[in-house]
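Q: Chains as they are written, first to last, in my numbering: chain A, -9 to 281; chain B, -9 to 281; chain C, -9 to 281; chain D, -9 to 281.
Protein chains: 4
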Amino acid sequence: MKERLVGVSEETTTGVKRLYQMQETGALLFPAINVNDSVTKSKFDNLYGCRHSLPDGLMRATDVMIAGKVAVICGYGDVGKGCAAAMKTAGARVIVTEIDPICALQALMEGLQVLTLEDVLSEADIFVTTTGNKDIIMVDHMRKMKNNAIVCNIGHFDNEIDMLGLETYPGVKRITIKPQTDRWVFPDTKSGIIVLAEGRLMNLGCATGHPSFVMSCSFTNQVIAQLELWNEKSSGKYEKKVYVLPKHLDEKVAALHLGKLGARLTKLSKDQSDYVSIPIEGPYKPANYRY
Amino acid sequence: MKERLVGVSEETTTGVKRLYQMQETGALLFPAINVNDSVTKSKFDNLYGCRHSLPDGLMRATDVMIAGKVAVICGYGDVGKGCAAAMKTAGARVIVTEIDPICALQALMEGLQVLTLEDVLSEADIFVTTTGNKDIIMVDHMRKMKNNAIVCNIGHFDNEIDMLGLETYPGVKRITIKPQTDRWVFPDTKSGIIVLAEGRLMNLGCATGHPSFVMSCSFTNQVIAQLELWNEKSSGKYEKKVYVLPKHLDEKVAALHLGKLGARLTKLSKDQSDYVSIPIEGPYKPANYRY
Amino acid sequence: MKERLVGVSEETTTGVKRLYQMQETGALLFPAINVNDSVTKSKFDNLYGCRHSLPDGLMRATDVMIAGKVAVICGYGDVGKGCAAAMKTAGARVIVTEIDPICALQALMEGLQVLTLEDVLSEADIFVTTTGNKDIIMVDHMRKMKNNAIVCNIGHFDNEIDMLGLETYPGVKRITIKPQTDRWVFPDTKSGIIVLAEGRLMNLGCATGHPSFVMSCSFTNQVIAQLELWNEKSSGKYEKKVYVLPKHLDEKVAALHLGKLGARLTKLSKDQSDYVSIPIEGPYKPANYRY
Amino acid sequence: MKERLVGVSEETTTGVKRLYQMQETGALLFPAINVNDSVTKSKFDNLYGCRHSLPDGLMRATDVMIAGKVAVICGYGDVGKGCAAAMKTAGARVIVTEIDPICALQALMEGLQVLTLEDVLSEADIFVTTTGNKDIIMVDHMRKMKNNAIVCNIGHFDNEIDMLGLETYPGVKRITIKPQTDRWVFPDTKSGIIVLAEGRLMNLGCATGHPSFVMSCSFTNQVIAQLELWNEKSSGKYEKKVYVLPKHLDEKVAALHLGKLGARLTKLSKDQSDYVSIPIEGPYKPANYRY
Chain A
-9 MKERLVGVSE ETTTGVKRLY QMQETGALLF PAINVNDSVT KSKFDNLYGC RHSLPDGLMR
51 ATDVMIAGKV AVICGYGDVG KGCAAAMKTA GARVIVTEID PICALQALME GLQVLTLEDV
111 LSEADIFVTT TGNKDIIMVD HMRKMKNNAI VCNIGHFDNE IDMLGLETYP GVKRITIKPQ
171 TDRWVFPDTK SGIIVLAEGR LMNLGCATGH PSFVMSCSFT NQVIAQLELW NEKSSGKYEK
231 KVYVLPKHLD EKVAALHLGK LGARLTKLSK DQSDYVSIPI EGPYKPANYR Y
Chain B
-9 MKERLVGVSE ETTTGVKRLY QMQETGALLF PAINVNDSVT KSKFDNLYGC RHSLPDGLMR
51 ATDVMIAGKV AVICGYGDVG KGCAAAMKTA GARVIVTEID PICALQALME GLQVLTLEDV
111 LSEADIFVTT TGNKDIIMVD HMRKMKNNAI VCNIGHFDNE IDMLGLETYP GVKRITIKPQ
171 TDRWVFPDTK SGIIVLAEGR LMNLGCATGH PSFVMSCSFT NQVIAQLELW NEKSSGKYEK
231 KVYVLPKHLD EKVAALHLGK LGARLTKLSK DQSDYVSIPI EGPYKPANYR Y
Chain C
-9 MKERLVGVSE ETTTGVKRLY QMQETGALLF PAINVNDSVT KSKFDNLYGC RHSLPDGLMR
51 ATDVMIAGKV AVICGYGDVG KGCAAAMKTA GARVIVTEID PICALQALME GLQVLTLEDV
111 LSEADIFVTT TGNKDIIMVD HMRKMKNNAI VCNIGHFDNE IDMLGLETYP GVKRITIKPQ
171 TDRWVFPDTK SGIIVLAEGR LMNLGCATGH PSFVMSCSFT NQVIAQLELW NEKSSGKYEK
231 KVYVLPKHLD EKVAALHLGK LGARLTKLSK DQSDYVSIPI EGPYKPANYR Y
Chain D
-9 MKERLVGVSE ETTTGVKRLY QMQETGALLF PAINVNDSVT KSKFDNLYGC RHSLPDGLMR
51 ATDVMIAGKV AVICGYGDVG KGCAAAMKTA GARVIVTEID PICALQALME GLQVLTLEDV
111 LSEADIFVTT TGNKDIIMVD HMRKMKNNAI VCNIGHFDNE IDMLGLETYP GVKRITIKPQ
171 TDRWVFPDTK SGIIVLAEGR LMNLGCATGH PSFVMSCSFT NQVIAQLELW NEKSSGKYEK
231 KVYVLPKHLD EKVAALHLGK LGARLTKLSK DQSDYVSIPI EGPYKPANYR Y
């Protein structure tokens, strides 16, 4: 196939990781554009998308009232930030678990408590994994939770939650309340937890994923990346490596979405442009700007 | 002096900019560490510091009720984000001006309106510049504002607000209400605006700057940078260039501040560390991670 | 039937209104307890219930991203307050319409804009009626809205929205996207709006109504009212009139729900009780306290 | 004096209480209007005023960073609600203490934790009393607090905090940091707490009280009450009793403040007015409406 392939664009964290590994081992047979690390993807889809789709999935799956509940968000990256914001503004008390002290300090600055999962097992009503890692909530954690605690994953694969441990726990009973919503009852305590989407991404399993506006940002990145690959297919600009979209294209994605929301941008004057050494038409920020 | 100087560390945006210019022209005579771009500086001091000190300055200078007012934040970088959050949560309606479509889209995602300064001159009660650029609010803008509109700067030099134009406006009258709080009355309209801190940083001029906790993060960066320069003074690790602090030291700054706020970090298992290729002791994120 | 009927309890605004009318005209044949005006009903079900079920209904019906949109809430009573809070915290810009200057001022204090419907027709993306009145959004309003503006009612009957005017508009075309979600296209503009639940309560039509926790507060009021009527059926305590639950029973409803959420109440000392003339066991507030 | 006195108007909770006691004992020598229970007083001055002036007082007195701290608000009435909202939105984690289960449940619905003071003594950074009762924070509580915990009162008299117990604690040392800001050091632990305004109202002692906009609402009530008393001085309308302002005057106070904030009210049609039995010109709500 590679003869006809001009290049690929990829927007998932996991997919991008594999591309970089292929680049390192020389297994990459064509140019690739990493769309995942566009600002208009990672800081929009991950953050605002999950802020929308976490409560959506919880409501559709369980109809639980979020106000007044204790919600534990495992991980405070972009996905975790969106999830924590959604739970907090819906009236839950939010506790964050983190390995990274910088993200932990960010959580604290928003009034969130940072504790370990073990600290809060018996207190929390809703557990959400957002880490991109595995073995976050193990079956031994689940056994110690409140009756009808809700356990779900919006981060990565179904191994963030120890589904294998749960399914093979001696004497455990699975009661399917409705598709994608199961109550698992432990034989010793007769107490049960509610697992959404079998531990897979709950916003996909229990709701309809992210709303179209935020996906439009992600997909505009894809389209622009594909156009770029196609336009430069004979120029030699792109080697068999992984690239991120240049800043001005990332900014273009955003600009294309402003009109729909009624925004009006300010324009730099020539004088201002000179003063701060920023081109009038952008890009407006250095590559490593954090937004 | 340069013989005895081991190196410098610098935490302001402006200072850092000069260091990079000196590096480019070969004028840099010793190693320099750019502390401004540590996450624990730019995303803390700028963001959370201003979220605290903007309302503090407004209250001390004017005692104005922020709730119900229309606040215009010029610029939605880290400083602007902190200012907008402070005004919004205090009950103001917030309008943002931006040149950068990505930052503009971020503002929209928080429910803020994005317009040009011209659009809102006659409607807004409070104007805050946070851009790091010059000529943001000109005397012609000020003339069109409501009587007793408050105009202030928390971004950069006093040229964000056109103080020169204001001071030299024919027939304008300055009435000092109290030190750092002046009412300027235009002869034609008899209408006046209130300028804080003579257009200089209002959180320094009208309040006491940022609170100690957030400055502690900034200064810990400074101390760590100075220790690093000293420890490596004979090793040749640092040339006559500008460096940013390595990620693990940035994370260390955050970690040192968690205890005071009662946070408890989670620890990666060996297995998890291998799975995501992140060392148990960090650094936990790639260099370009945006937080 | 009246011979066997000991009394009734009623929790809807509309039902209660009818009971008071029957009391006035002498048509009330048995005692009635107005549960609607318990604090634990009107300030919980109406406010927190709608804060939950408005976004739930919007998401299930349309999957629209709320962040960045302009949402108009017609009415800022308890239902409107819940709706406005939900939209604001989800990242919408919220505009309120009101007839009552006190409620309007409350909206302003939360940073919301107060305008008339006519002011915002062409600008808003989502319209929600919460007034309990009729003729709030007329077909002439709908014709001037943006293409694909969402129009829905969470207040009262389907006459808050002029469904009759819409259905009988010459040449209008109804396209059912899915049950309870219709696009209505106007012949002159070819532009369409999306009406939820045929103008009836959208949280019932498009979602599953309020979550069980808040309904439990409402229904506990019902149960307590029924027990009270039964226990006093021979005592003559209740005449053929409409009563509200006494404050201490209202407080009991709240107290019964605290344990589930992990709350621990403080107890007055004898000394404190004397000082403020409040019984240790309550009721803690005068009848007209507003909460 | 009573011969020349037409009547009085009173806006403090404490003053009003005394007037009602005088009415009961027949000691009231002239008509009195209770302005405290106007909605435009109690739900504005108490709530939004304190939301503004609590952080103002904390910042001026201590410059403490509120973000990341644990703030305990004793009491969740109107004053407590304003204080809790201010601390939460400034990034603190807020814990509420309450005797009233309804107010406690309201706190929970906003994501706040409800515990007893004893539960949180060693954990919290900022303690605020808002109860209108006495003996809320006793010297034995203060001894168990963290070093440099901030203790202040925004509710009532200086007996909410046990100042007498503190001042007479054997060996305690008072260090005045600046006027209205004292550090009290306990001899046994060498640990100290910071007491604001000597236990009196900290927004008056450490800041400048409420901002003018919210006081304007309160004082407009006063003016309207005085005009009413004067205009009716010979009509016999007011006996030697305590009255609250009629609803339409309460609404007038609000209406007078809308223009300044750019609001535009909606007007009922005749048809709508008939449908809901509400006069076009108001009053819009029944007397016991809770807002």
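Glycine included, every Cβ here is placed at the ideal spot set by N, Cα and C. Note that the structure is a prediction, hence the values are computed from the model and not measured.
1. Looking at chain D, is there any beta carbon in it that lies within less than 8 Å of the beta carbon of Glu88/A?
2. Excluding the five sequence neighbours on either side, which residues of its own chain have a C-beta within less than 6 Å of the C-beta of Gly70/D, listed in chain order?
3. If the cut-off is 8 Å on Cβ atoms, which residues from the stretch 26 to 57 of chain B count as contacting chain D, listed in chain order?
4. Any beta carbon from chain D within less than 8 Å of Gln96/A's own beta carbon?
5. Tell me which residues share the same chain as Thr79/A and place their Cβ nearer than 6 Å to its Cβ, disregarding the 5 neighbours each side in the sequence.
6. What do you reckon, are the CB atoms on Ile89/C and Leu255/D nearer than 8 Å?
7. What is the rounded straight-line gap between the Cα of Ile184/B and the Cα of Ile116/B?
8. State the start and end residues of the unbroken beta strand (DSSP E) segment that holds Tyr233/D.
9. Kindly indicate which residue of Val118/C, Ser(-1)/C, Ala75/C and Asn278/C has the alpha-carbon position closest to the one of Tyr38/C.
10. Please confirm whether Leu219/C and Gly5/C have their CB atoms less than 8 Å apart.
11. Count the other C-beta atoms from every protein chain shown that fall within 10 angstroms of the C-beta of Thr282/A, then say buried if there are 16 or more, exposed otherwise.
12. Among the candidates Leu107/D, Glu113/D and Asp178/D, whose CA atom is the shortest distance from the CA of Ile151/D?
13. So which residues of chain D does Gly81/A contact, with C-beta pairs closer than 7 Å?
14. Which one of Gly72/B, Phe20/B and Tyr10/B has the shortest CA to CA distance from Ser32/B?
15. Hey, how far is the Cα of Asp46/D from the Cα of Gly65/B?
16. Have a look at Val243/D and Lys134/B and give me their C-alpha separation to the nearest angstrom.
17. So who's on the other strand from Ile183/C, going by DSSP bridges?
18. Out of Glu113/C, Ile144/C, Lys136/C and Ala51/C, point me to the one whose CA is closest to Ile126/C's CA.
19. With H, G and I counted as helix, E and B as strand and the rest as coil, what does DSSP make of Asn24/D?
20. Excluding five sequence neighbours on each side, which residues of the same chain lie with their C-beta closer than 7 Å to the C-beta of Gly67/B?
21. What is the DSSP secondary structure of Leu191/B, reduced to helix, strand or coil?
22. Could one say the Cβ of Met22/D lies closer than 8 Å to chain C's Cβ atoms, at least one of them?
23. Considering only C-alpha positions, which residue in the set Val54/B, Gln13/B and Met99/B is nearest to Cys207/A?
24. What separation, rounded to the nearest whole angstrom, lies between the Cα atoms of Gln262/C and Ile268/C?
25. Quick one: is Met77/D buried, meaning 16 or more other Cβ sit within 10 Å of its Cβ, or exposed?
26. Ordered along the chain, which non-local residues of its own chain (more than five positions away) have a Cβ less than 6 Å from that of Val181/A?
27. Would you kindly check if the distance between the Cβ of Pro21/A and the Cβ of Tyr233/A is under 8 Å?
28. Under the assumption that Asn211/B contacts Asn278/A (Cβ atoms under 8 Å), give the Cβ distance between them as a whole number of angstroms.
29. What is the DSSP secondary structure of Ala17/B, reduced to helix, strand or coil?
30. Just tell me which of Ile270/A, Asn193/A and Leu248/A has its CA closest to the CA of Asn36/A.
31. Okay, do the stretch 221 to 230 of chain A and the stretch 8 to 23 of chain A touch, 3+ Cβ pairs below 8 Å being the bar?
32. What does a CB cutoff of less than 6 Å around Leu61/B pick up in its chain, not counting 5 residues either side in sequence?
33. Residue range of the alpha helix (DSSP H) that Cys207/D falls in?
34. Decide if Arg41/D is buried, meaning its Cβ has at least 16 other Cβ atoms within 10 Å, or exposed.
35. Of the residues that make up the stretch 133 to 158 of chain A, which ones have a beta carbon closer than 8 Å to any beta carbon in chain D?
36. Which one or two residues does DSSP pair with Ser43/B in a beta bridge?
A: Answer, in terms of the structure:
1. no
2. Ile63 and Thr120
3. Correct list: Tyr38, Arg41, His42, Pro45, Asp46, Met49, Arg50, Asp53, Val54, Met55, Ile56 and Ala57.
4. With 8 Å as the cut-off, Gln96/A does not count as an interface residue toward chain D.
5. none
6. yes
7. 9 Å
8. Element bounds for Tyr233/D: Val232 to Val234.
9. Ala75/C
10. The beta carbons of Leu219/C and Gly5/C sit no closer together than 8 Å.
11. With chain A covering -9 to 281 only, the question about residue 282/A has no answer from this structure.
12. Leu107/D
13. Met99, Glu100 and Gly101
14. Gly72/B
15. Going by the C-alpha atoms only, they are around 25 Å apart.
16. 30 Å
17. Here Ile183/C is bridged, per DSSP, to Ala139/C and Trp174/C.
18. Ile144/C
19. Of the three classes helix, strand and coil, the one that applies to Asn24/D here is strand, per DSSP.
20. Cys93 and Thr120
21. strand
22. A small fix is needed here, since residue 22/D is Ala in this sequence, not Met. False, the Cβ-Cβ gap to chain C never drops below 8 Å.
23. The option with the nearest alpha carbon to Cys207/A is Met99/B.
24. 8 Å
25. buried
26. Inspection of the sequence shows that residue 181/A is occupied by Ser rather than by Val. Once the five neighbours on either side are set aside, the close Cβ partners of Ser181/A are Asn137.
27. yes
28. With 8 Å as the limit, Asn211/B and Asn278/A do not qualify as a contact, their Cβ atoms being about 16 Å apart.
29. The three-state secondary structure of Ala17/B, taken from DSSP, is coil.
30. Asn193/A
31. yes
32. Residue identity differs from the one stated: residue 61/B is Ala in this sequence, not Leu. Taken in chain order, the residues that qualify are Met77, Ala82, Val84 and Ile116.
33. Ser202 to Asn221
34. buried
35. Taken residue by residue, none of the stretch 133 to 158 of chain A has a beta-carbon sitting less than 8 Å from a beta-carbon on chain D.
36. Looking at the DSSP assignment, Ser43/B forms no beta bridge with any residue, so it has no partner.
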